[in-house]
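Letter by letter, the sequence shown follows residues 2 to 312 of this note's numbering. Each residue gets a CB set at the ideal place from its N, CA and C atoms; glycine is no exception.
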Amino acid sequence: MTDNRPMDGLIIADKPAGWTSHDLVLHLRKILRIKKIGHAGTLDPLATGVLLITLGQATRLFPYLSRVDKTYYGEIRLGLKTDTYDSQGQPLGAECRHLPELNKIEEAAASFLGETDQMPPFYSAKKINGEPAFKLIRKGVIPELKPVKVRIHRFLILEYSPPKLRFLVECSSGTYIRSLANDLGQKLGCGAYLDSLRRAAVGRYTEDEALSLEKIEELAIKKDLAGLIIPLDKLLPDYPAIWLDKLSSRLFLNGSRINIIQIAKAVLIGSKNLDEPVFRVFSEENRLLGLASFNPKEQFFKPELVFSPKV
C-alpha cells in the first residue's frame, strides 16, 4: 500500500440503484480486502445516494453515526398505492383518477411536520423478535409492527406534474420515506407510492462528498487510502473533545474513569451535543482513544467506547 495507515474510518459512498446496502458492503469487503466493515443507515434497493460505510474500528461508532438527521429528495406517484409503498410492489385497489390540486398536497405535506408516530412498511428491514419484517412476509406471516416516533423537519413539494410530484424531506433518523409517501396518499384520499428516492445527506455528510462505486474501486486499486477513507480521528467532529496526557491515556485505555483535573485540554465550542455529554477522547498525539460520558455531578469522564491502542 502507498498509504500504510490502519484501515479504520469512514467511506462516504454513493449507493447505486438496484443494490441493497448489504450487497454493497459485501462488494466493498472483497475489493478492500477487509473483514470488519459495515454501514450506518440502510437504504432500500430502489434508492440511491449517501451511505456511510464504516471500516475497522469505526464500525463501533454505528450508533453515533446513524442517529443523525437525513435529507432526501425524490418522486411520489399519486393515484395508486402498493403493498411495498414503492414502485417495486403490487398495486392495491383501483387507480384514483381524481387527483388533488397542488395547494391541497402542500397542506397535507405540512401536516406531517414535527414529531409523529410512523408505522414502518411491512416490507422493511425492521426487526420483529430478531427477524426482518420482509422475511416474515415471505413466510406468510403478518408482522406485528409498532409505530415509531420520528420527526419531520421539512417536507417540501418542489414540482407537481400529475400524477407525479417531486419532493424534499429533512427528517430524523429512523424515518421511512416509503411510509411518508403512503401516509400522504392516505391523507389526500387518492393513494400514493414512492417512485424514486435519493438520500442527499446523512448529518454533515452530503452527496457532494459521496464516492461512486467506480471511484471507490479506482481508489482501492491505486491503494489511495487518503482519497478514499476519512480517518477515525476525524469522525464525529460535532462532538466535544478532551485531550489526555500519556498517563491518563493509559488509564483510559484500561477502562479507568478520568477526573476532570486530569484533562490536558478540552474543546466545547461549536458542539451540537452538549445536551448529551459524550466526548471524543484524544491522546497528546491527536489519536482518537474512544468516547467518554461526562458526569457533571461527580466531575469525571467514564469510558463508553475504547479503541484498541493501535489507533
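| Item | Value |
| --- | --- |
| Under 8 Å between C-beta atoms of G42 and T55 | no |
| Length of the line joining the Cα atoms of G291 and Q300 | 18 Å |
| Residues of its chain near V268, where Cβ-Cβ distance is below 7 Å and the 5 sequence neighbours each way are ignored | P241 and A242 |
| Alpha-carbon spacing of H23 relative to L220, whole angstroms | 21 Å |
| Opposing strand residues paired with A267 [DSSP bridges] | I243 |
| Proximity of I322 and L236 at Cβ, strictly below 8 Å | Look at the range of the chain in this structure, 2 to 312, and you will see that residue 322 is not part of it. |
| Strand pairing of D15, partner residues [DSSP] | V51 |
| DSSP three-state assignment for G115, whether helix, strand or coil | strand |
| Segment contact, 8 Å Cβ cut-off, at least three pairs: the segment 86-102 with the segment 167-182 | yes |
| Inter-residue Cα distance where the pair is D338 and L306 | Lying before the first or after the last residue shown, residue 338 is absent from the chain, which here runs from 2 to 312. |
| Chain-order list of residues whose beta-carbon lies under 6 Å from that of I153 (same chain, five-residue window excluded) | F113, L114 and C172 |
| Three-way DSSP call (helix, strand, coil) for V203 in this model | strand |
| Contact between the segment 188-203 and the segment 95-105 (3+ Cβ pairs under 8 Å) | yes |
| Y177 in three-state terms, based on DSSP | coil |
| Contacts around A193, its chain only, beta-carbon distance under 6 Å, and the 5 residues preceding and following it disregarded | I77, L79, A182, L185 and G186 |
| The beta strand (DSSP E) enclosing R30, as first and last residue numbers | Unbroken run through R30 is the alpha helix (DSSP H), S22 to L33; no beta strand (DSSP E). |
| Which listed residue (F168, L254 and S250) has its alpha carbon closest to that of Q263 | S250 |
| Three-state secondary structure assigned by DSSP to L212 | strand |
| Terminal residues of the beta strand (DSSP E) in which G228 lies | Not the beta strand (DSSP E): G228 falls in the alpha helix (DSSP H), residues L226 to L229. |
| Distance between A95 and I32 (C-alpha atoms, nearest Å) | 47 Å |
| Host alpha helix (DSSP H) of S67 (start-end) | F63 to S67 |
| Short Cβ contact (8 Å threshold) for L252 with P310 | no |
| Given V51 as reference, the closest of V203, I230 and E286 once Cα atoms are compared | V203 |
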